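Let me begin by presenting the structure, written as C-alpha cells, before commenting on it.
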Ligand SMILES: NC(=O)c1ccc[n+]([C@@H]2O[C@H](COP(=O)([O-])OP(=O)(O)OC[C@H]3O[C@@H](n4cnc5c(N)ncnc54)[C@H](O)[C@@H]3O)[C@@H](O)[C@H]2O)c1
C-alpha cells in the first residue's frame, strides 16, 4: 500500500499509517489537478487538507486510489459523488476540533463579560483603570446556544460546569444535556439570555439568518458570539448594534469573506469596535486538534484498507464487521439496485464457498457488502464478482 499525504498533515498520521504497513510519502504543499493526477500513480491512499481540490477528473485518472482522507472537517474540496461512483471511500474528522472551539467560546464569554478587551487596551496605552464597573462573573448568567450539535452541546456542558444557565434553540430535535432548557423558537431564546452564541452548520439556508431583526430582539447589554460560519451573520447590523450599545460586546471568528493566506489584509467593518474580539478563524486551530485529526483520519484509512470498515465515511455506507481468524474478506461496492446481494451469494454458492459472516449497507446510489469466507475458494469467484454489471469495485482483504 502506498499513501501520499499532502499539506503538512500531522506526523501522527504518518505513524499510524506506517504501523499499518503503508509506505508513506509526505509533501508540505497542496497540488493542482495535473500535479495530483501524476502524483497518484500507484497510490492507494491520499491525504489532503483544505487546499487540494480532488476533482472528478482527478479521481477518474487515479485507478489505484482506494480512499481519501480529508485531514480537516470540511469535504467541499472533494468531488464526493465522483469518488463514490469509483468506489473511493472518503473520510474526514468531524469531531476532532469540537473541544477547541468550545474552549475558545468559553474564553471569549469570560473575556467579554469581564471587559478584558477594554482593560487590556487601556493597559497597553498606559491607563490604569482599576474599576469593577461593567465587569461581571459568568456564574448565574444565561447562555443562549443557537445550533445544539457537536459543538453547541459540548459548550452547554462546559458552560453549566462554570455555573452558567443554558438555553438552546435547534431546528432539529435534540436531547437537552444537564439542566439546559430548550427554546421553541429563536425569538424565545434571544429575549431570555445574556449571551447569544451561534453554532449552526453551513447549510445554504442559514445565510443571513442573524441580522438587524435578531440583534434588536437580544436583551439590551447582552453579548454575541459567532464561531460557526461567516455568511450566517449580517456584520453591518452587528456593527450598528455594537455602536448603539444595544449589544455590549461580541466575539467573531468567522467572516463572509476571509483572506486567502497568512499576512493578507483582513477587511471587515467590525475592525476598530470596542469590546469586540476578532480572531482569524482559529476556533478549531489547536495543536491538540491537529494531532487528533491526524490520528483519527489515518486510523479510518487504515481500517478501510485492512478491514473494509467504512464507519463515519462521508460517501459510502457505514459498515464494520468483526472478522474471524482463518477467514478472507471480500469487500464489494456496487450500484444500489435490487438483487445484488442475491447475485453475490449465488456466485459464492455455485462455487461451494461457505459464508462465515456478512454485512450489507446502502447509501443513495451505492451498496457495500462485506463477506467473510473460508480461505479455500477458486480464483474465479473474484473474477465473477468483479465482472458483475452492478460492481463498482471488488477487493479481497485477507
Ligand atoms: N471556528 C472554527 O474554527 C470552527 C471549527 C469547527 C466547526 N466550525 C463550525 O461550527 C459549526 C457547528 O459545528 P458542529 O460540528 O457542531 O456542527 P453540527 O452539524 O454537529 O451542529 C449544527 C447544529 O445546528 C443546527 N442548526 C442548523 N441550522 C440551524 C438554524 N438555522 N437554527 C438552529 N439550529 C440550526 C443543526 O440541527 C445541528 O444540530 C459549523 O458551522 C462548523 O462549520 C467552526
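In our numbering, the protein residues as written are 129 to 526. Each residue gets a CB set at the ideal place from its N, CA and C atoms; glycine is no exception. Just so we're clear, the structure is a prediction, and the values are computed from it rather than from any experiment.
Candidates the options: closest to residue i by CA position
i, options, result
"residue 505", "516, 518, 358, 458", "458"
"residue 144", "420, 386, 443, 493", "420"
"residue 389", "361, 178, 153", "178"
"residue 320", "271, 152, 276", "271"
"residue 484", "429, 446, 500, 387", "500"
"residue 452", "423, 468, 525, 490", "525"
"residue 215", "136, 234, 222, 188", "188"
"residue 527", "473, 302, 386, 322", "This structure cannot speak to residue 527, because the chain is shown only from 129 to 526."
"residue 267", "155, 234, 411, 142", "234"
"residue 158", "167, 151, 152", "167"
"residue 356", "494, 367, 384", "384"
"residue 358", "392, 147, 409", "409"
"residue 147", "431, 492, 254, 387", "431"
"residue 333", "309, 305, 354, 299", "299"
"residue 162", "184, 367, 213", "184"
"residue 382", "473, 398, 301, 141", "398"
Residue i classed as buried or exposed, judged by whether at least 16 other C-beta atoms fall within 10 angstroms
i, result
"residue 438", "buried"
"residue 307", "exposed"
"residue 450", "exposed"
"residue 342", "buried"
"residue 394", "exposed"
"residue 364", "exposed"
"residue 428", "buried"
"residue 248", "exposed"
"residue 295", "buried"
"residue 186", "buried"
"residue 441", "buried"
"residue 285", "exposed"
"residue 497", "buried"
Distance between beta carbons of residue j and residue i, contact taken as under 8 Å
i, j, result
"residue 236", "residue 379", "4 Å"
"residue 522", "residue 454", "Going by Cβ atoms, the distance from residue 522 to residue 454 rounds to 21 Å, so no, they are not a contact pair."
"residue 360", "residue 317", "Incorrect: roughly 15 Å between the Cβ atoms, too far for contact."
"residue 425", "residue 149", "About 17 Å; that fails the 8 Å criterion."
"residue 462", "residue 495", "5 Å"
Assigned secondary structure, residue i (DSSP; H/G/I helix, E/B strand, else coil)
i, result
"residue 518", "coil"
"residue 238", "helix"
"residue 354", "strand"
"residue 143", "helix"
"residue 493", "coil"
"residue 151", "strand"
"residue 309", "strand"
"residue 162", "helix"
"residue 359", "helix"
"residue 172", "coil"
"residue 456", "strand"
"residue 422", "helix"
"residue 295", "strand"
"residue 462", "strand"
"residue 484", "strand"
"residue 468", "helix"
"residue 373", "coil"
"residue 430", "helix"
"residue 271", "strand"
"residue 343", "helix"
"residue 598", "The shown model of the chain, from 129 to 526, leaves out residue 598, and the question about it has no answer."
"residue 444", "coil"
"residue 280", "helix"
"residue 157", "coil"
"residue 202", "coil"
"residue 411", "coil"
Is the region 439 to 459 close to the region 499 to 519, with three or more CB pairs under 8 Å?
-> Contact between the region 439 to 459 and the region 499 to 519 is present: three or more C-beta pairs spanning the two stretches fall below 8 Å.
Can we say the region 254 to 268 touches the region 198 to 208, given the rule of at least three CB pairs closer than 8 Å?
-> Verdict: no, contact absent.
Assess, as a yes-or-no matter, whether the region 340 to 356 is touched by the region 372 to 382 under the definition of 3 or more beta carbon pairs within less than 8 Å.
-> Taking a contact to require three or more Cβ pairs closer than 8 Å, the region 372 to 382 and the region 340 to 356 qualify as touching.
Is it a yes or a no for the region 402 to 421 touching the region 429 to 437, going by three-plus beta-carbon pairs under 8 Å?
-> Inter-segment contact for the region 402 to 421 and the region 429 to 437 is absent: fewer than three beta-carbon pairs are separated by less than 8 Å.
At least three beta-carbon pairs within less than 8 Å, the region 320 to 330 to the region 273 to 286 = Two segments are said to touch when three or more pairs of C-beta atoms, one from each, lie closer than 8 Å; by this definition the region 320 to 330 touches the region 273 to 286.
Do three or more CB pairs link the region 410 to 420 to the region 214 to 230 at distances below 8 Å?
-> Yes: at least three Cβ pairs fall under 8 Å.
Take every Cβ of the region 130 to 140, pair it with every Cβ of the region 172 to 188, and state whether three or more of those distances are shorter than 8 Å.
-> Verdict: yes, contact present.
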